[in-house]
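Residue numbers for the sequence shown, in the working numbering: 20 to 402.
These notes are about the structure you will find just below.
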Amino acid sequence: MIHTITKLKQAYKKLEEGKSLLEANIQHHLICEIFLRDLGYDVSNCDFEKNCRNKHCDISVEIMKNKSLFIETKRGDHKIEDNDIIQLASYVRDRGLEYGILTSGKEFILINTNIRTSANYNEDMLKLQIVFWFNIFNSKSKEYTRHEFFKFLSKEALFDTQTTTFYKDIAQFKAIKYPAANISWDTYKSTLFNFFEFYANERNRYKPRILEEININDFEKFIIYKRDQATGNNSGKKFVSDSSIRNNYSHISSMLNCLAESEYGGINKTCFDKGREKSLADILSGSVTKTYSSIGDETFEQAINYYLKNTKKDKGIRDLTIFLLCSCYGFERSRIQELKWSDLIRNKKSNQYAECVFRNIRTAILETSGHETGSIRTLCRLN
Numbered sequence: 020m021i022h023t024i025t026k027l028k029q030a031y032k033k034l035e036e037g038k039s040l041l042e043a044n045i046q047h048h049l050i051c052e053i054f055l056r057d058l059g060y061d062v063s064n065c066d067f068e069k070n071c072r073n074k075h076c077d078i079s080v081e082i083m084k085n086k087s088l089f090i091e092t093k094r095g096d097h098k099i100e101d102n103d104i105i106q107l108a109s110y111v112r113d114r115g116l117e118y119g120i121l122t123s124g125k126e127f128i129l130i131n132t133n134i135r136t137s138a139n140y141n142e143d144m145l146k147l148q149i150v151f152w153f154n155i156f157n158s159k160s161k162e163y164t165r166h167e168f169f170k171f172l173s174k175e176a177l178f179d180t181q182t183t184t185f186y187k188d189i190a191q192f193k194a195i196k197y198p199a200a201n202i203s204w205d206t207y208k209s210t211l212f213n214f215f216e217f218y219a220n221e222r223n224r225y226k227p228r229i230l231e232e233i234n235i236n237d238f239e240k241f242i243i244y245k246r247d248q249a250t251g252n253n254s255g256k257k258f259v260s261d262s263s264i265r266n267n268y269s270h271i272s273s274m275l276n277c278l279a280e281s282e283y284g285g286i287n288k289t290c291f292d293k294g295r296e297k298s299l300a301d302i303l304s305g306s307v308t309k310t311y312s313s314i315g316d317e318t319f320e321q322a323i324n325y326y327l328k329n330t331k332k333d334k335g336i337r338d339l340t341i342f343l344l345c346s347c348y349g350f351e352r353s354r355i356q357e358l359k360w361s362d363l364i365r366n367k368k369s370n371q372y373a374e375c376v377f378r379n380i381r382t383a384i385l386e387t388s389g390h391e392t393g394s395i396r397t398l399c400r401l402n
């Protein structure tokens with residue numbers, strides 16, 4: 020899908036340079052020639068200016084009998100507004116369909132009109148029916164969906180395996196519990212998007228009430244998957260902290276239990292109803308294998324020499340301190356940030372080498388900061 024986004028960027032820039040961002044050009048050069056073809060749709064099944072109760076949808080792609088995908092296109096320089104989303108939603112809803120895509124060639128918005136809330140059916144609710152909002156030139160901003168999820172706009176994901184429905188379920192959860200999309204939602208969204216990308220790949224197909232089947236074994240596999248992803252291969256597992264495991268569990272559990280309790284959730288039960296600590300007992304006790312990579316003496320010496328050469332530079336002492344805490348004591352970022360000055364001054368170690376390292380750490384920190392009490396969180400904040 021990244022290749023498809025690259026092609027869309029190139030085509031868009033070409034039209035932009037030629038000042039030809041007309042809606043007709045967006046339809047032909049970006050949507051029909053690139054987007055639909057690359058994502059597995061049959062362009063010969065496209066019906067342009069489809070009549071929708073005296074309204075006209077720009078593109079209707081027939082998938083099968085009584086099932087189509089509506090695509091509403093705008094000029095390439097058009098800033099998508101709420102009214103555009105409302106317009107597409109009304110087209111899709113009036114025809115009894117489920118999905119629709121709104122696009123300017125630069126932005127791609129997927130909506131699902133089956134998403135419901137307890138609120139009255141109004142314009143604000145229609146905006147809650149957004150499943151994805153992509154910007155082909157921006158994948159990092161929180162307001163847009165990351166590009167790796169662009170694959171869920173494909174015919175295969177939307178209609179064949181229906182794995183996109185996992186993300187419709189996430190949007191349904193958001194509509195029920197976080198309609199205002201506050202800061203808390205950003206944290207939930209990251210966990211849920213990553214988990215269901217993993218789970219969709221595991222199951223390969225969506226089916227009714229599949230969320231009821233998600234259990235602690237699936238969560239454990241997800242944690243191992245995260246470790247493998249962090250290292251870039253399967254040769255070793257990167258440690259995932261207990262706090263991270265707890266947070267991930269809480270986010271997934273919250274969604275599943277919320278949907279099970281809501282009349283709009285589509286499920287009646289969940290395997291995540293036994294309490295977090297009880298469910299995570301085996302995982303947190305270490306039954307999920309954790310392997311670590313060790314640093315050899317030669318590599319360790321090279322690292323120390325590197326930091327010593329850079330101690331005169333800004334943050335040099337700080338960086339050396341953090342390195343020693345991580346390498347000699349196995350401290351994670353969260354542990355370092357929790358340390359107090361008193362911990363470093365009073366700590367006693369029986370091992371002579373460890374005591375020597377710790378003494379040098381104390382000296383380096385105290386000489387750098389001049390503080391003797393309080394937290395060292397600011398000093399040890401990692402960039």
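For every residue, glycine included, the Cβ atom is placed at its ideal position computed from N, Cα and C.
| query | How would you call residue 114, buried or exposed, if buried means at least 16 neighbouring beta carbons within 10 angstroms? | reply | buried
| request: Keeping to the same chain, check which residues put their C-beta closer than 6 Å to that of residue 166; ignore five residues upstream and five downstream. | output: 24 and 158
| message | Using 8 Å for Cβ pairs, my map puts residue 132 next to residue 198. What's the rounded Cβ distance? | response | Contact doesn't hold; Cβ gap of about 16 Å is too wide.
| field | residue 272 classed as buried or exposed, judged by whether at least 16 other C-beta atoms fall within 10 angstroms | value | buried
| task | Look at residue 86 and residue 178 and say whether their C-beta atoms are less than 9 Å apart. | result | yes
| Outcome for residue 75 when other beta-carbon atoms lying within 10 angstroms are tallied against a minimum of 16 | Answer is exposed; the Cβ neighbour count stays below 16.
| Count the other CB atoms within 10 Å of the CB of residue 311; is the residue buried (16 or more) or exposed (fewer)? | Here the model assigns residue 311 a pLDDT of 48, short of 50, so the residue's position is not dependable, and the following value carries that caveat. Residue 311 is exposed by the Cβ-count criterion.
| residue 171, enclosing beta strand (DSSP E) - first and last residue | Element bounds for residue 171: n/a, residue is neither H nor E.
| request: Count the C-beta pairs between the region 216-228 and the region 180-200 that are closer than 8 Å, then say yes if the count reaches three, no if not. | output: yes
| message | With the cut-off set at 9 Å, would you say residue 274 and residue 211 are in Cβ contact? | response | yes
| request: Within its chain, find whatever has a CB closer than 6 Å to the CB of residue 20; leave out the 5 residues flanking it on each side and keep chain order. | output: 169 and 170
| task | Would you give the residue range spanned by the alpha helix (DSSP H) that residue 86 belongs to? | result | It is not in any alpha helix (DSSP H) - residue 86 instead sits in the beta strand (DSSP E) that spans 86-92.
| field | 8 Å contact criterion, which residue 302 and residue 233 should meet: CB distance rounded | value | The beta-carbon distance between residue 302 and residue 233, rounded to whole angstroms, is 15 Å. This is too long to meet the 8 Å contact definition.
| If you check the beta carbons only, do residue 96 and residue 35 fall under 9 Å apart? | yes
| query | Which residues mark the beginning and the end of the alpha helix (DSSP H) in which residue 217 is found? | reply | 202-222
| How is residue 57 classed by DSSP in three states: helix, strand or coil? | helix
| Can you give the Cα-Cα distance for residue 22 and residue 127, rounded to whole angstroms? | The straight-line gap from Cα to Cα measures roughly 16 Å.
| Within 9 Å (strictly less), CB to CB, does residue 144 reach chain D? | The chain inventory of the structure shown lacks chain D, comprising one protein chain alone.
| said: Which of the three DSSP states is assigned to residue 67 in this structure? | reply: strand
| query | Ordered along the chain, which non-local residues of its own chain (more than five positions away) have a Cβ less than 8 Å from that of residue 268? | reply | 238, 291, 295, 298 and 299
| query | The beta strand (DSSP E) spanning residue 131 covers which residue range? | reply | 126-131
| request: Measuring alpha carbon to alpha carbon, tell me which of 285, 79 and 206 ends up nearest residue 161. | output: 206
| field | Counterpart residues of residue 119 in DSSP-defined beta bridges | value | Partner(s): 89 and 130.
| request: Round the Cβ separation of residue 119 and residue 45 to the nearest angstrom and send it over; I've been treating them as touching at under 8 Å. | output: With a Cβ gap of about 16 Å, residue 119 and residue 45 do not count as contacting.
| Which of helix, strand or coil does DSSP assign to residue 20? | In the structure shown, residue 20 sits in coil (DSSP, three-state: anything other than H, G, I, E or B).
| As assigned by DSSP and simplified to three states, the class of residue 233 | coil
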